[in-house]
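**Q** Residue numbers (my numbering): 50 to 426.
Note that CB positions come from ideal geometry on N, CA and C, so glycine has one too.
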Amino acid sequence: MFCTHCGSHLRQNAKFCEKCGSTVSKPKANSQKVDKSQSKIKWLVGLVVLAVVGVSFSRFFLGGNSVTGYSQDEAGFKKAIDRQYQLLESGTEADVQQIYQDFLDPKAKVMSEEEYLKGFKEYWGDKYQKVIMHSYKADGANAYADRTIRVCTDENCQNVESISRAFKKYYYENGRWLMKGEDFYCPRTTNYEMEPEFSRALSLIEQRATEADTDSAETFKTYLEVIHCLQIRYAPADADMNQAEGVFHFIPGQSAETLSIVVSPRYKSKDDILTATLIMHELTHAVNYVSGLYDGKHTDCYLDEAQAFSNQNWFLTVLNNEEKQSLLARMRVGGSPELVGIANVLQTVPRMKGATYEEQALNFVKANPFYQKQCGT
Numbered sequence: 050m051f052c053t054h055c056g057s058h059l060r061q062n063a064k065f066c067e068k069c070g071s072t073v074s075k076p077k078a079n080s081q082k083v084d085k086s087q088s089k090i091k092w093l094v095g096l097v098v099l100a101v102v103g104v105s106f107s108r109f110f111l112g113g114n115s116v117t118g119y120s121q122d123e124a125g126f127k128k129a130i131d132r133q134y135q136l137l138e139s140g141t142e143a144d145v146q147q148i149y150q151d152f153l154d155p156k157a158k159v160m161s162e163e164e165y166l167k168g169f170k171e172y173w174g175d176k177y178q179k180v181i182m183h184s185y186k187a188d189g190a191n192a193y194a195d196r197t198i199r200v201c202t203d204e205n206c207q208n209v210e211s212i213s214r215a216f217k218k219y220y221y222e223n224g225r226w227l228m229k230g231e232d233f234y235c236p237r238t239t240n241y242e243m244e245p246e247f248s249r250a251l252s253l254i255e256q257r258a259t260e261a262d263t264d265s266a267e268t269f270k271t272y273l274e275v276i277h278c279l280q281i282r283y284a285p286a287d288a289d290m291n292q293a294e295g296v297f298h299f300i301p302g303q304s305a306e307t308l309s310i311v312v313s314p315r316y317k318s319k320d321d322i323l324t325a326t327l328i329m330h331e332l333t334h335a336v337n338y339v340s341g342l343y344d345g346k347h348t349d350c351y352l353d354e355a356q357a358f359s360n361q362n363w364f365l366t367v368l369n370n371e372e373k374q375s376l377l378a379r380m381r382v383g384g385s386p387e388l389v390g391i392a393n394v395l396q397t398v399p400r401m402k403g404a405t406y407e408e409q410a411l412n413f414v415k416a417n418p419f420y421q422k423q424c425g426t
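This is the structure:
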């Protein structure tokens, strides 16, 4: 038993409380205790309900701390992501804490909440982040957002320190949209529909890149990701190509979700090896464009072409023996103009001056009148 006045424990059959001196009341009938117990339970349940309702209303009206309850559709995804980036732009400790708790994929949390908050503060310091959302797409329990983050030294973002555009992938679980850790250059997981020969050429690039040595395979991970965003087609006529065999078409600032490559119709009669070699060249331009969106650093025209020729030649070196013998056999009997051109690049670049292969490729491009005109010199 306990004292009804001060709550102290009472000895059995005590008439007075040893602590406060109050008279100890006789216990009431059992039925009354049950009634009181039930009333107390009802009162506690009611209090809990009121507390839950009160918290829910405060979070709803005051923009509180819970992101649970978003719908599993594009509208729900948009609402959740807008909230996440609102918190990011605010950047207060409480807001960053909410991002960690409610938006990050638990499997991507490589540090504790305390470490995350400390790292965020140390990394960003007194800088400001402004987010530009380009698109939202949700498909079932998976979604992605295309966004640009500007890092600025002032709150109004007049002085931009860096710009980065990439895709973020999310998945839906228990009423929340959770963000995966890494950035993505291409959000797609399958290729666009295209002519069968282009699909075969891309497949050949993927096979040879993954079979190459470890360093090369690691380097080409980005290329293999971007492949899914390539949309390849033939030009209506060779005259539309302006003397080029392939062209990567883009509008500055466009989304990386669709990267257009146009190929000369002359390649309709070429084999998959030549087509893949050409596409490897244009794929390099596409990757450089996407990388420029990500880090805000756009590749110089000459360097862009030098890297494209370097990768084109690299692809030829990782072909299997039968594929190489096929090219050599055709060269012995003259070969097509396209094959002769590819062989010329392969043989000429290593003969150019330069301390590295990329420097040799750069000098090769700079010496070519076609690229002098294209690059404006």
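If you scan the stretch 295–366 from start to end, which runs of the alpha helix (DSSP H) of 4 or more residues do you find wholly inside it?
**A** If we require 4 residues or more, the alpha helix (DSSP H) runs fully inside the stretch 295–366 come out as 321–344, 350–366.
**Q** According to DSSP, C201 sits in a beta bridge with which residue or residues?
**A** Answer is Y177, V209, bridged to C201.
**Q** On the CB-based measure, 16 or more other CB atoms within 10 Å of its CB, does A215 come out buried or exposed?
**A** Counting Cβ neighbours within 10 Å, A215 comes out buried, since at least 16 surround it.
**Q** Which residue's Cα is closest to the Cα of D388: D320, Y351, H183?
**A** In the sequence on display, residue 388 carries Leu and not Asp. When only C-alpha atoms are compared, the closest one is D320.
**Q** For F216, which residues does DSSP report across the bridge?
**A** Partner(s): D195, F233.
**Q** Count the other CB atoms within 10 Å of the CB of V145; is the residue buried (16 or more) or exposed (fewer)?
**A** Burial call: buried.
**Q** Give the single residue among F233, D232, H277 whose Cα lies nearest to the Cα of I254.
**A** The option with the nearest alpha carbon to I254 is H277.
**Q** Using three-state DSSP, classify L368 as helix, strand or coil.
**A** L368: coil per DSSP, three-state reduction.
**Q** Is the beta carbon of G434 sitting closer than 8 Å to the one on N412?
**A** Residue 434 lies beyond the residue range present for the chain, which begins at 50 and ends at 426; the question has no answer from this structure.
**Q** Report yes if the C-beta distance between A357 and H330 is below 8 Å; otherwise report no.
**A** Contact: yes.
**Q** Examine the Cβ distances between the stretch 215–231 and the stretch 142–157 and report whether three or more of them are shorter than 8 Å.
**A** With a cut-off of 8 Å, the stretch 142–157 and the stretch 215–231 count as touching, because enough Cβ pairs lie within range.
**Q** For a test of the three-state rule: what should DSSP assign to Y420, helix, strand or coil?
**A** If DSSP states are grouped into helix, strand and coil, Y420 belongs with the helices.
**Q** Buried or exposed for T324, going by 16 or more other Cβ atoms inside 10 Å?
**A** Looking at its Cβ environment, which holds 16 or more other Cβ atoms inside 10 Å, T324 is buried.
**Q** Quick check on DSSP: helix, strand or coil for A250?
**A** Residue state, collapsed to three classes: helix.
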